[in-house]
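**Q**
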Amino acid sequence: MIHSVTRDLTRLLPVSLLFALTGCAGVSQNEYAEFDHYVAAKVSPGVPTAQAVQILSQDSYKCKQRGARAECHRHEDGFIKFCRYQVLMIVDTKQQTVLKTRPDILCAKKYP
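Okay, structure coming up:
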C-alpha cells in the first residue's frame with residue numbers, strides 16, 4: 017500500500033511541477049499566446065481609449081477608467097476552474113489614447 021502511494025506521488029510530481037512553471041492552473045502557454053493575440057487585434061496602441069473600452073465591452077468585458085489607466089475584465093466560470101481575463105491599458109495624460117496594453121489571465125481551481 018505504501019509503495020503504491022509513493023509510486024503515485026512520484027508520477028504526479030513532474031506534472032505538478034509543470035503546472036507550477038507554466039502559469040496559472042489549467043492555462044497553457046498557447047492560451048496565453050491566443051489571449052495576447054486577441055488583445056493586440058482588438059486594442060492596439062494608438063486606439064482612442066473610449067473606442068477600446070467600447071470594443072472590449074462588446075465582448076462582455078466590464079471596464080473602469082482610473083487616471084492614467086483603464087482596466088477591462090471578464091470572468092469564465094468553468095466546471096474545474098474559475099478564470100479572470102483582464103486587460104490593463106496604460107493611457108496618455110489626457111486619458112484619450114491607449115499607449116500600451118498588458119493582458120493577463122488569472123485562474124483558480126475550484127476543487128483542491
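Numbering (my numbering), first residue to last: 17 to 128.
From the three backbone atoms N, C-alpha and C, an ideal C-beta is built for every residue, glycine too.
Out of S44, H53, V43 and N46, which one is the CA nearest neighbour of P119?
**A** For the purposes of this step, residue 119 is identified with residue 103 of the sequence shown, where counting begins at 1. When only C-alpha atoms are compared, the closest one is H53.
**Q** Could you check the C-alpha separation between A68 and V59 for me, to the nearest Å?
**A** As a position in the sequence shown, residue 68 is number 52, starting the count at 1. As a position in the sequence shown, residue 59 is number 43, starting the count at 1. C-alpha separation (whole angstroms): 6 Å.
**Q** Going by DSSP, what residue range makes up the beta strand (DSSP E) through K58?
**A** Indexing the sequence shown from 1 puts residue 58 at position 42. Taken as a continuous stretch (DSSP letters only), K58 belongs to no beta strand (DSSP E), being part of the alpha helix (DSSP H) at Q45 to K58.
**Q** For P61 and Q45, I'd like the C-alpha separation in whole angstroms.
**A** By 1-based counting over the sequence shown, the position of residue 61 is 45. By 1-based counting over the sequence shown, the position of residue 45 is 29. Between P61 and Q45, the C-alpha separation is close to 23 Å.
**Q** With distances taken between CB atoms, is the gap from E87 to L104 smaller than 7 Å?
**A** Residue mapping note: residue 87 aligns to position 71 of the sequence shown, counting from 1. Residue mapping note: residue 104 aligns to position 88 of the sequence shown, counting from 1. Result yes, Cβ atoms of E87 and L104 sit closer than 7 Å.
**Q** With a 10 Å radius around its C-beta and 16 neighbouring C-beta atoms as the bar for buried, classify T65 as buried or exposed.
**A** Here residue 65 corresponds to residue number 49 of the sequence shown, with the count starting at 1. It is buried - the Cβ of T65 has at least 16 other Cβ atoms within 10 Å.
**Q** Exposed or buried, what is T109 when buried is set at 16 or more other beta-carbons lying within 10 Å of its beta-carbon?
**A** Translated into positions along the sequence shown, residue 109 becomes position 93. So T109 counts as exposed.
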